[in-house]
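What follows is a short report on a single structure.
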Amino acid sequence: MDQPVERESGEGAHAELPPGQRLQRGWPVTHYGPVPKFRPERWEFRVFGATADGEKRCWNHEEFAALPYATVVGDLHCVTKFSMLGAEWGGVPARAILEIAPPAPAVTHVMVWAEYGFSSNLRLADFASDRAIFATHKDGELLTAEHGFPLRLVVPHLYAWKGPKWVRGVEYMTADRRGFWEERGYHNVGDPWQEQRYSYQEEPGDGPEL
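Going by this note's numbering, the final residue of the sequence shown carries number 298, and the count climbs one at a time with no gaps.
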């Protein structure tokens, strides 16, 4: 399994930008489609697909909010070429989900599903990074609806589109499958340090055929 490359994040001596990126002091709102209306009584987070026991796991909003909470400091690199450094993200670590609802041994990738059927695929190793987090907070404040409330995935070592807003579940997969933007010309891996922006840059083994 390919292993993710972890790099220091934040300000000071470790602050650096991937190639082609510019420093962003604010946090622009970027997304495709409308902002969904949050209805807590209907909200559900699911883990399904190739789980270790073959069963689906579901949490309502209250149950998900009671899962182990952690904070990580991580950068956000948007493929539109802005980078926001040193943000503190609070929420449920992706590793906690893997522990509570473990994948089958044959799982190599995950598909993260969000509102309106939006999806983004990741290698299991990237999803299992100790800084990948299902964020509910940024810098101690609840996320706004425009920035993904009630839940967004943050994977600091990949481009930000790999961490969808308004997440509703995770599918465990035994083979890779492209997500929404990956089917529309974005790079299947999305490493900003290698400037993997578009599918035409892919090398053999980076992803399934378009």
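All C-beta atoms in this analysis are idealised placements derived from N, C-alpha and C, irrespective of residue type, glycine included.
Is it the case that the Cβ atoms of residue i and residue j are separated by a distance below 8 Å?
{"i": "residue 281", "j": "residue 106", "result": "yes"}
{"i": "residue 244", "j": "residue 208", "result": "no"}
{"i": "residue 149", "j": "residue 128", "result": "yes"}
{"i": "residue 240", "j": "residue 231", "result": "yes"}
{"i": "residue 297", "j": "residue 227", "result": "no"}
{"i": "residue 295", "j": "residue 256", "result": "no"}
{"i": "residue 133", "j": "residue 147", "result": "yes"}
{"i": "residue 162", "j": "residue 219", "result": "yes"}
{"i": "residue 285", "j": "residue 167", "result": "yes"}
{"i": "residue 173", "j": "residue 242", "result": "no"}
{"i": "residue 288", "j": "residue 249", "result": "no"}
{"i": "residue 236", "j": "residue 169", "result": "no"}
Taking the alpha carbon of residue i as the point to measure from, which residue in the options has its own alpha carbon closest?
{"i": "residue 185", "options": "295, 221, 238 and 214", "result": "221"}
{"i": "residue 145", "options": "176, 214 and 260", "result": "260"}
{"i": "residue 283", "options": "142, 140 and 247", "result": "247"}
{"i": "residue 196", "options": "272, 138, 155 and 271", "result": "138"}
{"i": "residue 155", "options": "168, 216, 143 and 223", "result": "223"}
{"i": "residue 171", "options": "192, 160 and 112", "result": "112"}
{"i": "residue 214", "options": "182, 269, 140 and 169", "result": "182"}
{"i": "residue 187", "options": "121, 169, 203 and 216", "result": "216"}
{"i": "residue 206", "options": "121, 109 and 104", "result": "121"}
{"i": "residue 198", "options": "143, 160 and 135", "result": "135"}
{"i": "residue 143", "options": "190, 160, 131 and 109", "result": "190"}
{"i": "residue 238", "options": "279, 269, 264 and 202", "result": "202"}
{"i": "residue 159", "options": "225, 269 and 130", "result": "225"}
{"i": "residue 264", "options": "293, 279 and 108", "result": "293"}
{"i": "residue 204", "options": "157, 268 and 151", "result": "268"}
Opposite residue i in the DSSP bridges: which residues?
{"i": "residue 132", "result": "148"}
{"i": "residue 296", "result": "Residue 296 is not bridged to any residue."}
{"i": "residue 139", "result": "191"}
{"i": "residue 226", "result": "177 and 229"}
{"i": "residue 162", "result": "175"}
{"i": "residue 257", "result": "134 and 201"}
{"i": "residue 183", "result": "Per DSSP, none; premise fails for residue 183."}
{"i": "residue 242", "result": "221"}
{"i": "residue 210", "result": "198"}
Does at least one heavy atom of the ligand GTP sit under 7 Å from the Cβ of residue i?
{"i": "residue 276", "result": "Only the bare structure without any ligand can be found here, which leaves the ligand GTP out of the picture."}
Under 8 Å by Cβ, that's how I've got residue i and residue j pegged, so tell me the actual separation to the nearest angstrom.
{"i": "residue 210", "j": "residue 200", "result": "7 Å"}
{"i": "residue 192", "j": "residue 140", "result": "5 Å"}
{"i": "residue 276", "j": "residue 291", "result": "10 Å between Cβ atoms; not a contact."}
{"i": "residue 262", "j": "residue 194", "result": "5 Å"}
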